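There are 2 protein chains.
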Amino acid sequence: MRAHIITIGDEILIGQIIDTNTSFIAKELDKIGVEVKKTTSIPDEKEEILEALDFASKNADIVLVTGGLGPTKDDVTKHTFCEFFNDTLVENKDVLKNIEDLFKHHVKKPMLPANKAQALVPTKATVLMNKYGTAPGMWLKYDETVFISMPGVPFEMKALMTDEVIPRLQKEFNRPFILHRTLHTYGKGESEIAATIEEWENNLPKTIKLAYLPSLGKVRLRLSTKGNDLKNLEAAIDSEVIKLKELIGDIIYGYEDDQPLEHVVAELLKRKGETLAVAESFTGGQIATAFTAAPGASKFFKGGIVSYATASKIDVLNVDKALVDKYSVVSAPVAEAMALGAQKLFSADYTISTTGNAGPTKGDSDAAIGTVFISIGTPHEIFTHEFHMGNHRERVLTKSVNKALELLQKEILKN
Amino acid sequence: MRAHIITIGDEILIGQIIDTNTSFIAKELDKIGVEVKKTTSIPDEKEEILEALDFASKNADIVLVTGGLGPTKDDVTKHTFCEFFNDTLVENKDVLKNIEDLFKHHVKKPMLPANKAQALVPTKATVLMNKYGTAPGMWLKYDETVFISMPGVPFEMKALMTDEVIPRLQKEFNRPFILHRTLHTYGKGESEIAATIEEWENNLPKTIKLAYLPSLGKVRLRLSTKGNDLKNLEAAIDSEVIKLKELIGDIIYGYEDDQPLEHVVAELLKRKGETLAVAESFTGGQIATAFTAAPGASKFFKGGIVSYATASKIDVLNVDKALVDKYSVVSAPVAEAMALGAQKLFSADYTISTTGNAGPTKGDSDAAIGTVFISIGTPHEIFTHEFHMGNHRERVLTKSVNKALELLQKEILKN
């Protein structure tokens, strides 16, 4: 089963938006054993869309298309589909009712002709009802290829994929199992890891593929395999994971995919019934956001202080002004006092505090750009670490957030 | 000038990462008048890479490739380039020196053979030096097409694009001007806007293209044009912007591209010399993160409280416990008290506070999922607004952050 994903929209080609739909669709397909061989983004132009549909129809069994289904004149996907499939548009009563209901209960404004026109669909298409918007999804079989068209609005597309597209694909096609095991590591670079596991990698069975995914301060190792015998596949891939653990167990912090470090830490805290609070200066709320983006954070996350201005460190976190004057606001003593302040304010078992200068210019301190102090408060002590993370603002911020989570996890595991 | 972008990496095809490189590259090309006609992501497989290079060489003048240049065995781009261009790899002394320097000053670990092999480049390629990593960029002309290969690590690729690729493209090719004007609106849906501006849209010159970009609670309208006479292009597109302002000026909040609402608000505050603090419950630090992600926030952003747990609203923000007991923690009086608490703690001119339930389950309050209260504190008053944002967690969070910024901007503009 080879799938192609086509995302349509000038906004992608001029870089005005980041295409997040492709990644979501690819992940959902991968879970049910459909292999994505190519993804393409093209402009809202009839000729480009026709060419992409033609290429995909010759090279893929399943073609998933998003975008170009809106009510405005720049949206041309539906008409281009009709041209490609030699079809015409007819009004679909169920879709019209869905649009009328959406307007009645949610939009609460009168329907316009353009909204009504959203109910027009190609006669050969099976409608996939869109719960969250007026543009319906469509399912169309042509020769041996299934074409699926979905709106480009991410949450509408996601609901359609989950509720309509995936169940239909599961029914329509026999698929192999695709398995991945991803190991999250920190502390070593990819070439260093590769050298450590070289012999093991050279002896990997041909049916198992290894990939290295480096990002700031972390490397993910992904093992992939596919086939029809789930039990054998699992046994084979898991025995390689066990061998890897023996070789580099000291730098692995997590196993499952979709498991960012903040979730690993959250699970640890919830299991222990312990709580966390944060005091962030230059990271500006990013650590709090990481912990609260997923549901269930109220079970362990008490809250945080974003003490961006120096005065707020003193006024809100009760950092002693004398410390700031003596050591400057970017210093180990201030980081430690911030962690202590947060621990007291929120009565939390663990705290993270950050103070640093991410650049591009120096701030309230003379510390060089890239200088970062991170404190981890535990029920027993406060540990403070100093880092120099270079002069690339975005990189300093991301590396610092990652490093803070890594340090916190290590302390929790010690206790 | 037609460009294609090819991103290589299994991690994209299985949905393990979101491809942000394409968007960055496309935007930089657009700025210098290079039109991206297609972007493609393909796996780390020789055959797929060869096919994509072949297709691009026939359809594009410039082909930009990222990924597959790492030191590990899963990276095959360089060898595949050699096959496609009928070339061989040789060690490049400058690249080797760059790698040695990086190891000496930054990695501070011994170099491994795999790192040294990064200095091998195709003989026909011009090296583009990578300041931040060991994999060099490459520039290769073949028939009439320029091929550019860059590492997939985003900050390495970005530096190469900015410092090496863009200046070389500007020197090598005559390019037209591509102009965009993007208007940010809030408060009306795309079909409603389309109906309001229908006559104007029907009379738009053929050389100017209009696109609607809806996202939660906001619609961006983008006008695009291209040609060789910059002055005439600017006059033509700007006269259409003026006409649009007359038609929908009441819902426009910003003009430039790359200008998220938080930057518009930041500029307003800096110009007035006024300050902001936030008190976030269910938004969990996202508003603080929005304001502090860009440099210069210390000029107006005093800080914030993420009072996720109910107790922290009482303990840290001094919300009266009686209010929580009487109205529940998701209520207008609590939102107001939070805004007041933040204003006092941080001595800020303006404050935003949020309390609500984003789901998927009910929390410390009986309020229905999707119920949101946002308060805006100004130097004179506090205004509180109630919203019902549906039951999609991610959507409730994003809509609430957008709505809070919109409400704040309106209050600042009144004062």
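Quick mapping for you: the protein sequence lines, in order, are chains G and R. Numbered per our numbering, the first sequence spans residues 73 to 487. Numbered per our numbering, the second sequence spans residues 73 to 487. Even glycine gets a Cβ: it sits at the ideal position worked out from N, Cα and C. Note that the structure is predicted; figures quoted are calculated from it, not measured.
Any non-hydrogen atom of the ligand ATP closer than 7 Å to G:K260 Cβ: Questions concerning the ligand ATP fall outside what the structure shown contains, since it holds no ligand whatsoever.
Residue-level contact to chain R via CB, G:S129, 8 Å cutoff: As a position in the first sequence, residue 129 of chain G is number 57, starting the count at 1. Not one chain R Cβ lies under 8 Å of G:S129.
Local conformation of R:Y399 per DSSP, three classes: Position 327 of the second sequence, counting from 1, holds the residue named residue 399 of chain R. Note: R:Y399 maps to helix in three-state DSSP.
G:S379 vs G:L395 beta-carbon contact at 8 Å: Taking the first residue of the first sequence as position 1, residue 379 of chain G is located at position 307. Taking the first residue of the first sequence as position 1, residue 395 of chain G is located at position 323. No. Outside cutoff.
Three-way DSSP call (helix, strand, coil) for R:P226 in this model: For the purposes of this step, residue 226 of chain R is identified with residue 154 of the second sequence, where counting begins at 1. The answer is helix: DSSP assigns R:P226 an H, G or I state.
Inter-residue spacing [alpha-carbon to alpha-carbon] between G:L52 and G:I220: Outside the shown range of chain G (73 to 487) lies residue 52 of chain G, about which nothing can therefore be said.
Distance between beta carbons of R:D116 and R:G87, contact taken as under 8 Å: Looking up residue 87 of chain R in the second sequence gives position 15. Looking up residue 116 of chain R in the second sequence gives position 44. The pair is not a contact, with the Cβ atoms about 15 Å apart (cut-off 8 Å).
Alpha-carbon spacing of R:A440 relative to G:A132, whole angstroms: Position 368 of the second sequence, counted from the start, is the residue given in the question as residue 440 of chain R. Position 60 of the first sequence, counted from the start, is the residue given in the question as residue 132 of chain G. Roughly 45 Å separates the two Cα atoms.
Chain R within 8 Å of G:Q358, Cβ atoms only: In the first sequence, the residue the question calls residue 358 of chain G occupies position 286. Cβ-Cβ to chain R under 8 Å: yes for G:Q358.
Host alpha helix (DSSP H) of R:G413 (start-end): Stepping through the second sequence from its first residue, residue 413 of chain R is reached at position 341. Per DSSP, R:G413 belongs to the alpha helix (DSSP H) from A404 to F418.
Start-to-end residues for the beta strand (DSSP E) that takes in R:A266: For the purposes of this step, residue 266 of chain R is taken as residue 194 along the second sequence, with counting starting at 1. Not the beta strand (DSSP E): R:A266 falls in the alpha helix (DSSP H), residues E262 to T268.
Three-pair Cβ contact test at 8 Å for the stretch 255-274 of chain R versus the stretch 176-193 of chain G: yes
Whether G:S447 touches G:E408 by CB criterion (8 Å): Locating residue 447 of chain G in the first sequence gives position 375, counting from the first residue. Locating residue 408 of chain G in the first sequence gives position 336, counting from the first residue. Result yes, Cβ atoms of G:S447 and G:E408 sit closer than 8 Å.
Whole-angstrom distance between G:I104 and G:N304, CA atom to CA atom: As a first step, residue 304 of chain G must be located in the first sequence, where it is residue number 232. As a first step, residue 104 of chain G must be located in the first sequence, where it is residue number 32. Distance between the alpha carbons of G:N304 and G:I104: 17 Å.
Beta-carbon proximity check, R:T443 vs R:V402, cutoff 8 Å: Position 371 of the second sequence holds residue 443 of chain R. Position 330 of the second sequence holds residue 402 of chain R. It is a contact, given that the beta carbons lie within the stated cut-off.
Residues near R:S437 by beta carbon distance below 7 Å, same chain, minus five either side: Here residue 437 of chain R refers to the residue found at position 365 when the second sequence is read from its first residue. If we look at R:S437 and ignore the five residues flanking it on each side, its Cβ neighbours are S400, V401, V402 and N429.
Contact check, R:D173 vs R:M201, beta carbons under 8 Å: Working through the second sequence from its first residue, we reach residue 173 of chain R at position 101. Working through the second sequence from its first residue, we reach residue 201 of chain R at position 129. No. Outside cutoff.
Closest Cα partner of G:K290 within the set G:K317, G:L255, G:I309 and G:K374: The residue given as residue 290 of chain G occupies position 218 in the first sequence. Answer by Cα proximity: G:L255.
Partner residues on chain R for G:R74, Cβ-Cβ distance less than 9 Å: What you label residue 74 of chain G is simply residue 2 of the first sequence in a count that begins at 1. Neighbours of G:R74 on chain R: none; closest Cβ ~11 Å, over 9 Å.
Pick from G:E271, G:T268, G:A351 and G:D421 that is closest to R:I377, judged by C-alpha positions: By one-based count along the second sequence, residue 377 of chain R stands at place 305. Ranking the options by Cα distance to R:I377, first place goes to G:A351.
Beta-carbon neighbours of R:N187, restricted to chain G and to distances below 8 Å: Numbered from its first residue, the second sequence carries residue 187 of chain R at position 115. Within chain G, the residues near R:N187 are S263.
Short CB-CB distance (under 8 Å) between R:K344 and chain G: Walking along the second sequence from the start, residue 344 of chain R turns up at place 272. No, R:K344 does not count as interfacial toward chain G.
Chain G within 8 Å of R:H252, Cβ atoms only: Counted from its first residue, the second sequence places residue 252 of chain R at position 180. Yes, because at least one Cβ of chain G sits closer than 8 Å to the Cβ of R:H252.
Assigned secondary structure, G:G321 (DSSP; H/G/I helix, E/B strand, else coil): Here residue 321 of chain G corresponds to residue number 249 of the first sequence, with the count starting at 1. Looking at G:G321 - three-state DSSP - the assignment turns out to be helix.
is_contact[G:S379, chain R] using C-beta, thresh 8 Å: For the purposes of this step, residue 379 of chain G is taken as the residue at position 307 of the first sequence. Chain R, which has a Cβ nearer than 8 Å to the Cβ of G:S379, makes this yes.
Proximity of R:A267 and G:A186 at Cβ, strictly below 8 Å: The sequence position of residue 267 of chain R within the second sequence is 195, counting from 1. The sequence position of residue 186 of chain G within the first sequence is 114, counting from 1. Yes. Within cutoff.
Rounded Cβ spacing between R:A283 and G:D82 (contact assumed at less than 8 Å): As a first step, residue 283 of chain R must be located in the second sequence, where it is residue number 211. As a first step, residue 82 of chain G must be located in the first sequence, where it is residue number 10. Rounded, the Cβ-Cβ distance is 6 Å, consistent with contact.
Proximity test, Cβ basis, 8 Å: R:T268 and chain G: Reading the second sequence from its first residue, position 196 is the one you call residue 268 of chain R. Not one chain G Cβ lies under 8 Å of R:T268.
Presumed contact (8 Å Cβ cut-off) between G:F418 and G:A349, rounded CB distance: Along the first sequence, one-based indexing puts residue 418 of chain G at 346. Along the first sequence, one-based indexing puts residue 349 of chain G at 277. G:F418 to G:A349, Cβ: 4 Å. Contact.
Contact with chain G by R:H457, beta-carbon distance below 8 Å: Numbered from 1 along the second sequence, position 385 holds the residue referred to as residue 457 of chain R. It does not; no Cβ of chain G falls within 8 Å.
Cβ distance (whole Å) where G:P194 is taken to contact G:L212 below 8 Å: Here residue 194 of chain G is taken as the residue at index 122 of the first sequence, counted from 1. Here residue 212 of chain G is taken as the residue at index 140 of the first sequence, counted from 1. So it is a contact: roughly 7 Å between Cβ atoms.
Residue span of the alpha helix (DSSP H) that contains G:I386, given as start and end: To locate residue 386 of chain G, count along the first sequence from 1; it is residue 314. That run of the alpha helix (DSSP H) goes T382 to D387.
R:F354 beta carbon less than 8 Å from that of R:F488: Within the shown structure, residues of chain R are numbered from 73 to 487, placing residue 488 of chain R beyond reach of any answer.
Closest Cα partner of R:I265 within the set G:F445, G:A476 and G:T144: Taking the first residue of the second sequence as position 1, residue 265 of chain R is located at position 193. Minimum Cα distance to R:I265 is reached at G:T144.
Contact with chain G by R:H335, beta-carbon distance below 8 Å: Numbered from its first residue, the second sequence carries residue 335 of chain R at position 263. For R:H335, the answer is no, since every Cβ of chain G falls outside 8 Å of its Cβ.
Residue-chain proximity (R:F418, chain G), Cβ-Cβ < 8 Å: Stepping through the second sequence from its first residue, residue 418 of chain R is reached at position 346. Judged by the 8 Å Cβ criterion, R:F418 is in contact with chain G.
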